[in-house]
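The sequence shown begins at 239 in my numbering and counts up one residue at a time. Ideal Cβ positions, reconstructed from N, Cα and C, are used throughout, including at glycine.
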Amino acid sequence: MSRPRLSRVCGPDYHGCMKVLLASPRGFCAGVNMAIESLDLALASLEPPIYVYHEIVHNKYVVEHFRGRGVTFVDEMAEVPVGATLLFSAHGVSPEVRRIARERKLRAIDATCPLVTKVHLEAVKYAREGFTILLIGHEGHDEVIGTMGEAPEAIVLVESPEGVAKLEVADERKVAYLTQTTLSVDDANRIIDRLKERFPYITAPPKDDICYATQNRQEAVALWADEADVALVLGSQNSSNSQRLAELARERGIPAYLVDGPGDLQAAWFEAANTVLVTAGASAPEEVVNQCLDWLRERFDAVVEPRSIRQENVSFPLPRELRNIMAAK
Ligand code: SF4
Numbered sequence: 239m240s241r242p243r244l245s246r247v248c249g250p251d252y253h254g255c256m257k258v259l260l261a262s263p264r265g266f267c268a269g270v271n272m273a274i275e276s277l278d279l280a281l282a283s284l285e286p287p288i289y290v291y292h293e294i295v296h297n298k299y300v301v302e303h304f305r306g307r308g309v310t311f312v313d314e315m316a317e318v319p320v321g322a323t324l325l326f327s328a329h330g331v332s333p334e335v336r337r338i339a340r341e342r343k344l345r346a347i348d349a350t351c352p353l354v355t356k357v358h359l360e361a362v363k364y365a366r367e368g369f370t371i372l373l374i375g376h377e378g379h380d381e382v383i384g385t386m387g388e389a390p391e392a393i394v395l396v397e398s399p400e401g402v403a404k405l406e407v408a409d410e411r412k413v414a415y416l417t418q419t420t421l422s423v424d425d426a427n428r429i430i431d432r433l434k435e436r437f438p439y440i441t442a443p444p445k446d447d448i449c450y451a452t453q454n455r456q457e458a459v460a461l462w463a464d465e466a467d468v469a470l471v472l473g474s475q476n477s478s479n480s481q482r483l484a485e486l487a488r489e490r491g492i493p494a495y496l497v498d499g500p501g502d503l504q505a506a507w508f509e510a511a512n513t514v515l516v517t518a519g520a521s522a523p524e525e526v527v528n529q530c531l532d533w534l535r536e537r538f539d540a541v542v543e544p545r546s547i548r549q550e551n552v553s554f555p556l557p558r559e560l561r562n563i564m565a566a567k
């Protein structure tokens, strides 16, 4: 639902005419920090070439940065030479990919986010216990492919509330659900409500699968979108959590633009805006946020007002393989 646009109360040359609500938490989460640090360390301490299976994180800027430093990103395991060094991205991989890595004698460094690994382990556990697992997520997303690969015979993907009616399960009392970590909390809840109606005995994961970073960034947008005329979300088009932030702002009635950086911005988006809400998905670097703020300052004399719902103090250890390599040096 869209709400009436405010007209600008002063001309673009008037200082302070545009207010930017800079949402926090935004940008890099603990999993992305760990994956990027892992790749940085691999580059600094291991012999090139370094390969990464899929994008290390779903961000064009980050991927281009590492490509410029000599990293090769691959979508097929066959592209990695036997014996080479390969990092698994933050989104995780299926056991089949790990098997191929062993078969090809790769030096594999697993930079999967531990919160994705948690969902993998839940899938393995439920499958062992004979449950049909209903995985709420987006088809084709790297994380969903990896999780489904843990128990392909036991997992069924559910993408929408409408999809729930069509589900067929062997035993309605042995059904569990899991979710992709980067979903819209509201969308996931709509599907979960439908699942609970259809399968009253359904088992829920012991703890939320949608991760803290996804939830925090969405909560901040939900809280401040009503004060803004436009939302600007830094992130790449293939970043699920970034897409969800833009969608959430639109659901709150304001236009929202998902951009990789200042090169994508158009002045027309902001001409009638008194207040712009700025946030960034979990894989978007702060550098591009700052570049966009500079862009808004230069053109609209924007004044930035930081807003924060809470501090994030989460960090994850480096992958074991990398710690072992570092310790041996
Ligand atoms: S968004 Fe969440 S699940 Fe994904 S890497 Fe970050 S912390 Fe991990």
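Nearest-angstrom Cα separation, counted from residue j out to residue i
i	j	result
Thr385	Ala510	44 Å
Ile547	Arg264	10 Å
Arg561	Ser521	23 Å
Tyr252	Leu472	Note that Tyr252 has pLDDT 48, beneath the 50 cutoff, so the model's placement of it is unreliable and the number below is only indicative. Approximately 26 Å, taken between the alpha carbons.
Gln549	Cys351	20 Å
Gly499	Leu470	10 Å
Val318	Ile383	20 Å
Ser240	Ala487	In this prediction, Ser240 has a pLDDT of 48, which is less than 50 and means its spatial position is unreliable; nothing more can be read from the coordinates.
Leu395	Ile374	6 Å
Asp313	Cys267	24 Å
Ala403	Arg436	8 Å
DSSP bridge partner residues for residue i (one or two, in chain order)
i	result
Leu496	Val471
Ala346	Leu324
Ser262	Ser546
Ile393	Ile371
Thr310	Tyr289
Thr441	Ala414
Three-state class that DSSP yields for residue i in the structure shown
i	result
Glu293	coil
Ser546	strand
Ala522	coil
Lys257	strand
Tyr370	Reading the sequence as shown, one finds Thr at residue 370 and not Tyr. Residue state, collapsed to three classes: strand.
Val402	helix
Leu515	strand
Leu244	At Leu244, the pLDDT of 49 sits below 50, so the modelled position is not reliable; the number obtained from the coordinates is stated separately. Three-state DSSP puts Leu244 in coil, outside helix and strand.
Thr420	coil
Tyr364	helix
Val301	helix
Tyr415	strand
Val541	strand
Lys567	coil
Any non-hydrogen atom of the ligand SF4 closer than 8 Å to residue i Cβ
i	result
Asn551	no
Asn479	yes
Tyr450	yes
Val295	yes
His358	no
Leu556	no
Ala268	yes
Thr517	no
Thr420	yes
Ala328	yes
Ala273	yes
Cys530	no
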